[in-house]
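Colleague: Respectively, the protein sequence lines represent chains A and B. When the letters of the first sequence are read in order and numbered with this note's numbering, they come out as residues 23 to 306. When the letters of the second sequence are read in order and numbered with this note's numbering, they come out as residues 38 to 106. We put the beta carbon where it would ideally sit given N, CA and C, even for glycine. Predicted model, so just to flag it, every value in this text is computed and none were measured.
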Amino acid sequence: MGATFVVTLREGFEAALIMGIVYTYLQKIGAERHYRYATRGGLLGVLASVALGVLVTALSGPLLDLGPDVIGLAVILVAVTVLTWHGYWMQQHARAVKGDVQRRIDEAQASHRLWIIGVLAFTGVFREGAETVLFLWGLLTQATSPSGWASATGAILGLAMAATLGWAIFRGGRHISLQRFFAVTSVFLLLLAAGMFSTGAGRLEAMGVLPQSPMAWDTSLVLDDHGVVGGFLNGLVGYRARPSWLEAGSYLLYVGVAGALLFRSGPPKPRARAPRGQIPAHAA
Amino acid sequence: MQVKANAPFVLVITNKSAKAAEFESKDLRVEKVVPAGKTVNVRIRALKPGTYSFLDDFNQQATGRIVAE
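(1) Is the CB of A/G34 under 8 Å away from at least one CB in chain B?
(2) Would a C-beta distance cut-off of 8 Å place A/Y273 and A/A215 closer than the cut-off?
(3) Would you mind telling me which residues of chain B sit closer than 7 Å to A/W159, beta carbon to beta carbon, in chain order?
(4) Ignore the nearest five residues each way along the sequence and tell me which others in A/L136's own chain have a CB closer than 6 Å to its CB.
(5) Return the chain-ordered list of same chain residues with a C-beta closer than 8 Å to the C-beta of B/T100, the five sequence neighbours on each side being excluded.
(6) Got a sec, what are the start and stop residues for the alpha helix (DSSP H) A/F192 sits in?
(7) By a C-beta neighbour count over all protein chains shown, 10 Å radius and 16 as the cutoff for buried, is A/S208 buried or exposed?
(8) Would B/N78 pass as an interface residue toward chain A - the criterion being a Cβ-Cβ separation below 8 Å?
(9) So does the stretch 239–254 of chain A actually touch the stretch 185–203 of chain A, counting three or more Cβ pairs closer than 8 Å?
(10) I'd like to know if the stretch 84–98 of chain A and the stretch 160–172 of chain A are in contact, where contact means that at least 3 CB-CB pairs between them fall below 8 Å.
(11) To which residues does DSSP link A/E153 through a beta bridge?
(12) Considering only DSSP beta bridges, list what B/R102 is partnered with.
(13) Report the rounded CA-to-CA distance for A/T163 versus A/A205, giving the unit in angstroms.
(14) Name the DSSP beta bridge partners of B/N78, please?
(15) Looking at chain B, is there any beta carbon in it that lies within less than 8 Å of the beta carbon of A/L86?
(16) Cα separation between A/R144 and A/G64?
(17) Give a yes or no on whether 8 Å exceeds the smallest Cβ distance from A/L156 to chain B.
(18) Which word fits A/P84, buried or exposed, when buried means at least 16 other C-beta atoms lie within 10 angstroms of its C-beta?
(19) Using only alpha-carbon positions, find the residue among B/V79, B/D64, B/R82 and B/K75 that is nearest to A/T241.
(20) For A/P265, is the classification buried or exposed, using 16 other Cβ atoms within 10 angstroms of its Cβ as the cut-off for buried?
See the structure below:
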């Protein structure tokens, strides 16, 4: 029971965190009536997970060998893109938090396309979703013996626990200031995206698309990334016990580039530009 | 499990149990769900000599090692 609890808690944790963050985010910018973006994204993620789970069970041969890998890579790519985009936008907005509340909220809703929130929710749920579906499915078909029941119950409790944590973030997040919420989640989402980016690079390396590189370090004796703590850190901030140089390098590259984009000091100054369609005087 | 170092190979994983399994190896950068009763082929690139661990992520007592020599 304990083992299956940990598996689903770990698989569901990331999704619950992201869902908790996006709902809090919508609440913070006064877009409660747009919760449906997050809800629909999350629900579509669940549906897609079930569909992929069914598909994987039905497929065989090369489609089963490669299909899920390609889908997995695509999800990572989309997730990194929307996380970066959203993080960048949040940071811009956090800086502009001055002036009256209502104007701020209107600006937020007008300038940030809220469907991105939906995509964020979708990828957050779908990334580990198909795996969780298959895992649960296997357990439920085995739930005919007392031990089978215990395993299935453990798994469902694990998911419930993950959902509770997501809910706790939403409840707790409502009481902290907008700026603090943006600051904390920006850093968290940046590291989450960096971990995904590095995982994607590692997958491409293993598939032979990117060149192979030697191991950068080995901390598997201190903190194994297959263990409970290491596994959680792996899911949250991309911790790896034995990464290749390519994986470590792409992590740092992402943190460097996205971090510079997100946290450069001062608001971006609008550039003075000559109006279009006018011929400069000296050229006439 | 022993394999030849510096040569690519294909790992043929058959799940003979009635539950889905996930072949996972962070060392090999592979995460592969194998539904009950199914067989999955995983291409592995040439490995440097060394030990590479793997496990069933859905049943973590099931572990193993690939030794490349």
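Modeller: According to the data block:
(1) no
(2) no
(3) A57
(4) H56 and Y59
(5) S90, F91, L92 and D93
(6) P168 to G195
(7) Answer is buried; the Cβ neighbour count reaches 16.
(8) yes
(9) In this structure the stretch 239–254 of chain A does not lie against the stretch 185–203 of chain A, because fewer than three pairs of beta carbons, one per stretch, are closer than 8 Å.
(10) no
(11) Note: A/E153 sits in no beta bridge, so no partner.
(12) B/S90
(13) 44 Å
(14) B/V49
(15) yes
(16) Note on residue identity: the sequence assigns Phe, not Arg, to residue 144 of chain A. Straight-line Cα distance between these residues: approximately 5 Å.
(17) yes
(18) So A/P84 counts as exposed.
(19) B/D64
(20) buried
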